[in-house]
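A.B. asks: So the protein lines, in turn, are chains A and B. Residue 30 in my numbering is what sits at position 5 of the first sequence, and the numbering runs on without skipping anything. Residue 129 in my numbering is what sits at position 48 of the second sequence, and the numbering runs on without skipping anything. Cβ coordinates follow ideal geometry from the N, Cα and C atoms, glycine included. Here it is: the structure, laid out below.
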Amino acid sequence: DTGVSQDPRHKITKRGQNVTFRCDPISEHNRLYWYRQTLGQGPEFLTYFQNEAQLEKSRLLSDRFSAERPKGSFSTLEIQRTEQGDSAMYLCASSQARPGELFFGEGSRLTVL
Amino acid sequence: GDSVTQMEGPVTLSEEAFLTINCTYTATGYPSLFWYVQYPGEGLQLLLKATKADDKGSNKGFEATYRKETTSFHLEKGSVQVSDSAVYFCALQNQAGTALIFGKGTTLSVSS
Numbered sequence: 026d027t028g029v030s031q032d033p034r035h036k037i038t039k040r041g042q043n044v045t046f047r048c049d050p051i052s053e054h055n056r057l058y059w060y061r062q063t064l065g066q067g068p069e070f071l072t073y074f075q076n077e078a079q080l081e082k083s084r085l086l087s088d089r090f091s092a093e094r095p096k097g098s099f100s101t102l103e104i105q106r107t108e109q110g111d112s113a114m115y116l117c118a119s120s121q122a123r124p125g126e127l128f129f130g131e132g133s134r135l136t137v138l
Numbered sequence: 082g083d084s085v086t087q088m089e090g091p092v093t094l095s096e097e098a099f100l101t102i103n104c105t106y107t108a109t110g111y112p113s114l115f116w117y118v119q120y121p122g123e124g125l126q127l128l129l130k131a132t133k134a135d136d137k138g139s140n141k142g143f144e145a146t147y148r149k150e151t152t153s154f155h156l157e158k159g160s161v162q163v164s165d166s167a168v169y170f171c172a173l174q175n176q177a178g179t180a181l182i183f184g185k186g187t188t189l190s191v192s193s
């Protein structure tokens, strides 16, 4: 069990550019979550996968955001045409079936200039 | 919609002091309740949980009891240590069992 890993840990980009974050969950976990966290706030749910199926999306996930989990393994979160308001920490978590026991990665911090 | 409200921080205590961090929730039905902790430079990790009314979750000397009548899940520890300095998040998961909904977090700072 190597834990949830996220890459890159920090991304600085200019407004209007596209960025992609990768998450590698704990290998036997079939559920994968993306959250966004801004300073002084708790994590806000973005989307959730069970295996390769994206089962739930928050209204926070505008059409500039897309997430995939091909083959039910790693996941990517892409943000197109970034805006300064997208600056945040993007957290990935994975879990098995037990309720609420999410294992979080250390996050990918996005700074949009 | 479902929501979690935590007491605002920061909470500053001396070592061996008693800790309470208040958490109340709004949800339909019977959610599961959680406390997560984020130590400096680390990812969020589950501290304790309770899945039904009157359950008490406990871990590392921390406790919280699921009180449905007051819709609360307050975190307590009898004697805090410097190593407990962290940000604590209360969270709920509704009966559908998908996403966790988090509070804003409470920063705890313990000095020796």
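B/A180 versus chain A: which residues are under 8 Å apart at the beta carbon?
C.D. replies: Here residue 180 of chain B refers to the residue found at position 99 of the second sequence. The answer, in chain order, is Y58, F70, Y73, E81 and S83.
A.B. asks: Should the segment 68-77 of chain A be called in touch with the segment 172-181 of chain B, which here means at least 3 C-beta pairs below 8 Å?
C.D. replies: yes
A.B. asks: Quick one: measure Cβ to Cβ for A/Q121 and A/N43, integer angstroms, because I've assumed they're closer than 8 Å.
C.D. replies: Within the first sequence, residue 121 of chain A is the residue found at index 96, counting from 1. Within the first sequence, residue 43 of chain A is the residue found at index 18, counting from 1. At roughly 32 Å, the Cβ-Cβ gap does not stay under 8 Å, so A/Q121 and A/N43 are not in contact.
A.B. asks: Within a Cβ cutoff of 8 Å, which residues of the same chain sit near A/L85, ignoring the five residues on either side of it in sequence?
C.D. replies: The sequence position of residue 85 of chain A within the first sequence is 60, counting from 1. Cβ neighbours of A/L85 beyond the five flanking positions: R61, E69, F70 and L71.
A.B. asks: Note down the Cα distance separating B/T93 from A/A78, rounded to an integer number of angstroms.
C.D. replies: The residue labelled residue 93 of chain B in the question sits at position 12 within the second sequence. The residue labelled residue 78 of chain A in the question sits at position 53 within the first sequence. Going from the Cα of B/T93 to the Cα of A/A78 covers about 44 Å.
A.B. asks: Under 8 Å, with one C-beta from each stretch per pair, do the segment 83-90 of chain B and the segment 127-139 of chain B reach the 3-pair mark?
C.D. replies: no
A.B. asks: Measuring straight from C-alpha to C-alpha, what distance separates A/K82 and A/T101?
C.D. replies: What you label residue 82 of chain A is simply residue 57 of the first sequence in a count that begins at 1. What you label residue 101 of chain A is simply residue 76 of the first sequence in a count that begins at 1. Their Cα atoms are separated by approximately 14 Å.
A.B. asks: How long is the line joining the alpha carbons of B/S84 and B/T107, rounded to whole angstroms?
C.D. replies: Taking the second sequence and counting its residues from 1, one reaches residue 84 of chain B at position 3. Taking the second sequence and counting its residues from 1, one reaches residue 107 of chain B at position 26. Computed Cα separation, rounded: 5 Å.
A.B. asks: Please name the residue, chosen from B/T188, B/A172, B/S193 and B/S190, that lies closest to B/L127 on a Cα-to-Cα basis.
C.D. replies: Translated into positions along the second sequence, residue 127 of chain B becomes position 46. Of the listed residues, the one whose Cα sits closest to B/L127 is B/A172.
A.B. asks: Is B/L189 near B/S166, with beta carbons less than 8 Å apart?
C.D. replies: Taking the first residue of the second sequence as 1, we reach residue 189 of chain B at position 108. Taking the first residue of the second sequence as 1, we reach residue 166 of chain B at position 85. Yes. Within cutoff.
A.B. asks: Just to confirm, is the Cβ distance from B/D117 to B/F170 under 8 Å?
C.D. replies: Numbered from its first residue, the second sequence carries residue 117 of chain B at position 36. Numbered from its first residue, the second sequence carries residue 170 of chain B at position 89. The sequence shown places Tyr at residue 117 of chain B, rather than the Asp named in the question. Yes, Cβ-Cβ distance for B/Y117 and B/F170 is below 8 Å.
A.B. asks: Would B/F154 count as contacting chain A if we go by Cβ distances under 8 Å?
C.D. replies: Taking the first residue of the second sequence as position 1, residue 154 of chain B is located at position 73. For B/F154, no CB of chain A lies under 8 Å from its own CB, so it is not counted at the interface with that chain.
A.B. asks: Beta-carbon separation of A/S119 and A/L64 under 8 Å?
C.D. replies: As a working mapping, residue 119 of chain A is identified with position 94 in the first sequence. As a working mapping, residue 64 of chain A is identified with position 39 in the first sequence. Result no, Cβ atoms of A/S119 and A/L64 do not sit closer than 8 Å.
A.B. asks: Taking C-beta pairs closer than 8 Å, name the residues in chain A that B/G82 reaches, listed in chain order.
C.D. replies: Within the second sequence, residue 82 of chain B is the residue found at index 1, counting from 1. Ordered by position in chain A, no residue passes the 8 Å Cβ test against B/G82, which lies about 11 Å from the chain.
A.B. asks: Name the DSSP bridge partner or partners of B/I102?
C.D. replies: By 1-based counting over the second sequence, the position of residue 102 of chain B is 21. B/L156.
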